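Enquirer: Residue numbers for the sequence shown follow the working numbering, so the first one is 1 and each next one is one higher. Every residue gets a Cβ at the ideal spot worked out from N, C-alpha and C, and that includes glycine. The structure displayed is predicted, hence computed values, not measured ones. Okay, handing you the structure first.
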Amino acid sequence: MPTKSHDAMIVGNWKMYKTLAEATEFIHGFKSSHEAYLSVAFTLIQPLSKIAPPNLIIGAQNMNDATEGAFTGEISARMLKDAGAKFVILGHSERRTFFKEDSAFIQKKVAKALTEGLSVILCVGETLDQKESGETKKILESEVVESLGNLSGDQLKNLTIAYEPIWAIGTGHACDAKEANSAHELIKSIVEKMAKTKVKVLYGGSVNPENAGSYLAQNNIDGLLIGGASLNVASFDKILSIV
Ligand code: PGA
1 MPTKSHDAMI VGNWKMYKTL AEATEFIHGF KSSHEAYLSV AFTLIQPLSK
51 IAPPNLIIGA QNMNDATEGA FTGEISARML KDAGAKFVIL GHSERRTFFK
101 EDSAFIQKKV AKALTEGLSV ILCVGETLDQ KESGETKKIL ESEVVESLGN
151 LSGDQLKNLT IAYEPIWAIG TGHACDAKEA NSAHELIKSI VEKMAKTKVK
201 VLYGGSVNPE NAGSYLAQNN IDGLLIGGAS LNVASFDKIL SIV
């Protein structure tokens with residue numbers, strides 16, 4: 001039976017929001033002393049790494065799998081680390097959908113990030129169509145297995161998975177907490193079977209200060225990945241105060 005970590009991991013995903021002035025205002029208004037993670041635009045990584053308090057860990061939202069090379073518009077793991085990023089979100093459904101990233105490509109990025117010493121938050125989740133046609137289990141299984149490839153349990157110790165049902169992202173239709181808990185249990189058992197290791201699994205999709213507690217009360221939900229509600233410092237602080 002997978003165990004729940006007693007200290008929830010709370011991650012904000014700012015997506016393509018905030019200029020440096022807006023981000024700086026957020027940092028100055030941030031009050032929580034709980035550890036939190038903030039995944040920001042590339043331009044914000046270096047300045048925020050310098051001004052964020054030590055309990056606020058700055059990371060990125062994407063990267064390329066190559067070490068370096070002629071890949072116009074891309075960014076490498078080494079560049080992210082150089083800028084101060086401690087972690088990277090990979091395989092977010094917005095990358096999979098809008099930028100046609102498949103699990104084979106994501107697997108290469110996961111391997112590269114871990115090799116370069118960046119922690120990884122790997123996102124998986126089903127669409128509404130897949131959920132309604134009873135394919136959730138199949139989709140989660142294939143996304144987890146294909147995105148992690150042959151990585152060993154030892155390599156995966158710096159990896160966290162985020163279960164983000166696509167139909168719940170940015171829609172206000174958050175997934176029922178018990179339903180999310182079952183998906184988390186499934187994801188943990190898939191990883192345990194393939195790599196003989198335990199992973200933390202975060203829930204993401206329309207999390208807000210009102211519903212955050214219901215997820216954190218579930219035994220297989222180890223934290224939250226928060227989009228919209230992480231943009232406002234008061235609501236992000238409020239979620240952290242529930243932990
Ligand atoms: P949301 O986004 O909280 O705005 O639904 C979550 C995410 O995409 O990580």
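Taking only heavy atoms of the ligand PGA into account, decide whether any of them is closer than 7 Å to the Cβ of L225.
Expert: yes
Enquirer: Please confirm whether any heavy atom of the ligand PGA lies closer than 7 Å to the CB of I187.
Expert: no
Enquirer: Using alpha carbons as the reference points, say which of L90, E192, A229 and A21 lies closest to I169.
Expert: Taking I169 as reference, the option from L90, E192, A229 and A21 with the minimal CA-CA separation is A229.
Enquirer: Out of F42, A180 and F105, which one is the CA nearest neighbour of R78?
Expert: If you compare the alpha carbons of F42, A180 and F105 with that of R78, the shortest gap goes to F42.
Enquirer: Rounded to whole angstroms, what's the CA-CA distance from G69 to I75? Just pull it up for me.
Expert: 10 Å
Enquirer: Grab the span of the beta strand (DSSP E) containing G59 for me, first residue to last.
Expert: L56 to G59
Enquirer: Is there at least one non-hydrogen atom of the ligand PGA closer than 7 Å to the beta-carbon of V144?
Expert: no
Enquirer: What alpha helix (DSSP H) runs, 4 residues minimum, are completely inside the region 78 to 162?
Expert: 93 to 98, 103 to 115, 128 to 132 and 136 to 148
Enquirer: Mapping DSSP to helix, strand and coil, what is N208?
Expert: coil
Enquirer: Quick one: what does DSSP say V40 is sitting in, helix, strand or coil?
Expert: coil
Enquirer: Cβ of E164 within 7 Å of any heavy atom in the ligand PGA?
Expert: The answer is yes for E164.
Enquirer: In three-state DSSP terms, what is Y203?
Expert: strand
Enquirer: With DSSP collapsed to three states, give me the class of V243.
Expert: coil
Enquirer: What is the C-beta distance between G91 and L122, in whole angstroms, given that I count them as a contact (C-beta under 8 Å)?
Expert: 5 Å
Enquirer: Drop a sphere of 10 angstroms on the beta-carbon of I226, count the other beta-carbons inside from all chains shown, and report buried for 16 or more, exposed for fewer.
Expert: buried
Enquirer: With distances taken from CA atoms, which of N64, D82, H184 and G59 is nearest V281?
Expert: With the chain covering only 1 through 243, there is no way to say anything about residue 281.
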